[in-house]
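What follows is the structure, given as structure tokens:
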């Protein structure tokens, strides 16, 4: 935040990316989008003009650019109380109706929530009954998610969250240490399909019993949130669940009337109308 | 009575604080004039994993109930807001909040620089920034942004601070308008209030 960037320059960049690469950042929340752009300019020691040139002339640069632009800060078992509610209330509720079900992690980033969910399911003894799709628009981060390897320094926080979640074991039982990384057991994600998908421009591709999209839509403005929520609504079976971040809300969204709040503290919603 | 040469053009007050700021904040909130005309937006360093309790503790003595805004929540006059734990809190053009989980800044999320910097961008010279006691430099840059946009800047007098790193950072980065004890900040807000009534 040392320097500033003109809104006009931000517009030039978003329009270029849209035309040339098909990603639409025009309705991202302005304050965080601006910070991300400034961060990229700083990281790459580039001027706006140099960035535009590189985006125009080097088609492969876009992946690197997206990787820096998207926010990939996450934790395993972030908000432990949310994961307890999933385990103790939401998933048993889904299982009352059908033993096998489908989960979508929308905007899965480096996969911490995918692995958290897999551990939760494994400890419930239902890992094999669940099909999971994990999507992100950032292909580099998807590759990282697939490997399930995280810096050891992050594990202290992840471990603390897991303890507060009141898991059955120690998180250590799910990974081994190698070269400063915690490498998680791949068996956990054998039923997970990691796919590239852009929430903004992407089509609806499946129906789910549970969609997790926590702290992703905070990077969108209100209009885009409405659009994405419509897609989520369509992608859920009737009586399916949508989980958003603890400080997100459907109150200001057009589609709110088609959901009921199942848990207000943890922001879990249930689709009640088609 | 007009010690501070104020007027009724201001749109918001932002307050940053960290270690040692709790007592000061409580004093300010407990002596806030009734129907205070501006939103008060607070970004205070807090424990990352403790979601509940802080806003309640601040509300006990506050004249106005303190709330942690949701993402995209409209900012209302007279309301008192606190940045939620583990999120950065930004003010957006259009007068609403946005949250983010970006990297920590100065080892902090929420980071005071983000809240103050985005508020300065939106409210420009219609903003009052207050920085209280704290043990790191977060907030110093935010105060500079406010000053650079023509806003009014106040820091807690370093000698009164439990830890003075934060106000001193601001004082070293920009020309702060007022260095005040918490009691004077309370008076300042009362005088400001009178300009709106």
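Protein chains in written order, with the numbering used here: chain A, 1047 to 1320; chain B, 20 to 216. Here a beta-carbon is modelled for each residue, glycine too, at the ideal position from N, C-alpha and C.
Nearest to residue i (by Cα), restricted to the options the options
i, options, result
"residue 1221 of chain A", "A/1178, A/1187, A/1269 and A/1122", "A/1122"
"residue 1256 of chain A", "A/1176, A/1127, A/1168 and A/1300", "A/1176"
"residue 1278 of chain A", "A/1117, A/1149 and A/1143", "A/1149"
"residue 1199 of chain A", "A/1231, A/1246, A/1289 and A/1224", "A/1224"
"residue 1319 of chain A", "A/1290, A/1281, A/1210 and A/1312", "A/1281"
"residue 1191 of chain A", "A/1162, A/1207 and A/1217", "A/1162"
"residue 1185 of chain A", "A/1074, A/1130, A/1118 and A/1210", "A/1118"
"residue 169 of chain B", "B/180, B/155 and B/193", "B/193"
"residue 184 of chain B", "B/127, B/22 and B/151", "B/151"
"residue 1254 of chain A", "A/1059, A/1293, A/1284 and A/1181", "A/1284"
"residue 1331 of chain A", "A/1076, A/1059 and A/1052", "Nothing can be reported for residue 1331 of chain A: it is not among the residues displayed for chain A, which extend from 1047 to 1320."
"residue 1052 of chain A", "A/1079, A/1070 and A/1134", "A/1079"
"residue 1181 of chain A", "A/1246, A/1219 and A/1100", "A/1246"
"residue 1251 of chain A", "A/1262, A/1301, A/1159 and A/1239", "A/1239"
"residue 127 of chain B", "B/156, B/86, B/147 and B/111", "B/156"
"residue 1098 of chain A", "A/1156, A/1273, A/1228 and A/1066", "A/1066"
"residue 1157 of chain A", "A/1173, A/1196, A/1101 and A/1293", "A/1196"
"residue 191 of chain B", "B/206, B/130 and B/160", "B/160"
"residue 1289 of chain A", "A/1084, A/1127, A/1106 and A/1114", "A/1127"
"residue 74 of chain B", "B/65, B/66, B/86 and B/67", "B/86"
"residue 158 of chain B", "B/121, B/130, B/41 and B/66", "B/130"
"residue 67 of chain B", "A/1203, A/1306, A/1101 and A/1274", "A/1203"
"residue 175 of chain B", "B/42, B/25 and B/26", "B/42"
"residue 1227 of chain A", "A/1194, A/1088 and A/1146", "A/1194"
"residue 139 of chain B", "B/93, B/78, B/112 and B/121", "B/112"
"residue 177 of chain B", "B/200, B/95, B/210 and B/215", "B/200"
"residue 26 of chain B", "B/171, B/197 and B/202", "B/171"
"residue 33 of chain B", "B/57, B/45 and B/39", "B/57"
"residue 1050 of chain A", "A/1061, A/1077 and A/1084", "A/1084"
Whole-angstrom C-beta distance between residue j and residue i, which should lie under 8 Å
i, j, result
"residue 117 of chain B", "residue 145 of chain B", "Their Cβ separation, rounded to whole angstroms, is 19 Å, which puts residue 117 of chain B and residue 145 of chain B out of contact at 8 Å."
"residue 59 of chain B", "residue 106 of chain B", "Going by Cβ atoms, the distance from residue 59 of chain B to residue 106 of chain B rounds to 18 Å, so no, they are not a contact pair."
"residue 1136 of chain A", "residue 1287 of chain A", "6 Å"
"residue 1165 of chain A", "residue 1234 of chain A", "7 Å"
"residue 37 of chain B", "residue 63 of chain B", "7 Å"
"residue 22 of chain B", "residue 49 of chain B", "The pair is not a contact, with the Cβ atoms about 21 Å apart (cut-off 8 Å)."
"residue 1131 of chain A", "residue 1249 of chain A", "31 Å between Cβ atoms; not a contact."
"residue 47 of chain B", "residue 204 of chain B", "6 Å"
"residue 1265 of chain A", "residue 1075 of chain A", "6 Å"
"residue 31 of chain B", "residue 61 of chain B", "In fact, because the Cβ distance is near 11 Å, the residues do not count as touching under 8 Å."
"residue 1259 of chain A", "residue 1153 of chain A", "6 Å"
"residue 162 of chain B", "residue 148 of chain B", "5 Å"
"residue 137 of chain B", "residue 119 of chain B", "The pair is not a contact, with the Cβ atoms about 10 Å apart (cut-off 8 Å)."
"residue 1072 of chain A", "residue 1115 of chain A", "Actually they are not in contact, since the Cβ atoms of residue 1072 of chain A and residue 1115 of chain A sit about 14 Å apart, beyond 8 Å."
"residue 52 of chain B", "residue 208 of chain B", "7 Å"
"residue 1125 of chain A", "residue 1292 of chain A", "6 Å"
"residue 1120 of chain A", "residue 1159 of chain A", "7 Å"
Sheet register partners of residue i (DSSP bridge)
i, result
"residue 1260 of chain A", "DSSP output for residue 1260 of chain A lists no bridge partner at all."
"residue 1147 of chain A", "A/1176"
"residue 85 of chain B", "B/99"
"residue 175 of chain B", "B/199"
"residue 1074 of chain A", "A/1266"
"residue 1197 of chain A", "A/1227"
"residue 107 of chain B", "B/119"
"residue 1321 of chain A", "Here chain A has residues from 1047 to 1320 only, and residue 1321 of chain A is not among them."
"residue 1239 of chain A", "A/1179"
"residue 1222 of chain A", "A/1229"
"residue 127 of chain B", "B/124"
"residue 35 of chain B", "B/62 and B/150"
"residue 1152 of chain A", "A/1181"
"residue 93 of chain B", "B/115"
"residue 183 of chain B", "B/153"
"residue 1254 of chain A", "A/1282"
Residues from the region 1070-1096 of chain A in contact with chain B, defined by Cβ distance under 7 Å: Listed by position, the residues of the region 1070-1096 of chain A near chain B (Cβ gap below 7 Å) are 1075, 1076, 1077, 1078 and 1081.
Interface residues of the region 1288-1320 of chain A facing chain B [CB-CB below 8 Å]: Of all residues in the region 1288-1320 of chain A, only 1291, 1292, 1293, 1294, 1295, 1297 and 1298 place a beta-carbon less than 8 Å from a beta-carbon of chain B.
Run through the region 1261-1297 of chain A for me and flag every whole beta strand (DSSP E) of 3 or more residues, listed as ranges in chain order. As far as the region 1261-1297 of chain A is concerned, its whole beta strand (DSSP E) runs of at least 3 residues are 1282-1290.
Just list the beta strand (DSSP E) runs in the region 43-77 of chain B, keeping only unbroken ones of 3 residues or longer that don't cross its boundaries, in chain order. For the region 43-77 of chain B, whole beta strand (DSSP E) runs of length 3 or above, ordered along the chain, are 59-63.
Would you list, in chain order, the members of the region 67-80 of chain B that have their beta-carbon closer than 8 Å to a beta-carbon of chain C? The chain labelled as chain C is not found among the protein chains of the depicted structure, namely A and B.
Relative to chain B, which residues along the region 1100-1122 of chain A have a C-beta separation below 8 Å, given in chain order? Cβ contacts with chain B: 1117, 1119 and 1120.
Listed from N- to C-terminal order along the chain, which residues in the region 82-101 of chain B have their beta-carbon within a distance smaller than 9 Å of any beta-carbon of chain A? Taking 9 Å as the Cβ-Cβ cut-off against chain A, the residues of the region 82-101 of chain B that qualify are 87, 88, 89, 90, 91, 92 and 93.
Against chain A: residues of the region 118-130 of chain B by CB proximity under 7 Å: Under the 7 Å Cβ criterion, the region 118-130 of chain B contributes 118, 119, 120, 121 and 122.
Please specify which runs of the alpha helix (DSSP H), each continuous and at least 4 residues long, are wholly inside the region 1047-1114 of chain A, giving them in chain order. Runs found: 1053-1067, 1076-1089 and 1094-1103.
When Cβ atoms are compared, which residues of the region 1249-1266 of chain A fall closer than 8 Å to chain B? The region 1249-1266 of chain A vs chain B, Cβ under 8 Å: 1261, 1263, 1264 and 1265.
Using a Cβ cut-off of 9 Å, which residues of the region 131-146 of chain B contact any Cβ in chain A, in chain order? Against chain A - using a Cβ distance shorter than 9 Å - the residues of the region 131-146 of chain B are 132, 133, 136, 137, 140 and 141.
Interface positions of the region 1051-1072 of chain A facing chain B (Cβ-Cβ less than 7 Å), listed along the chain: The region 1051-1072 of chain A vs chain B, Cβ under 7 Å: nothing.
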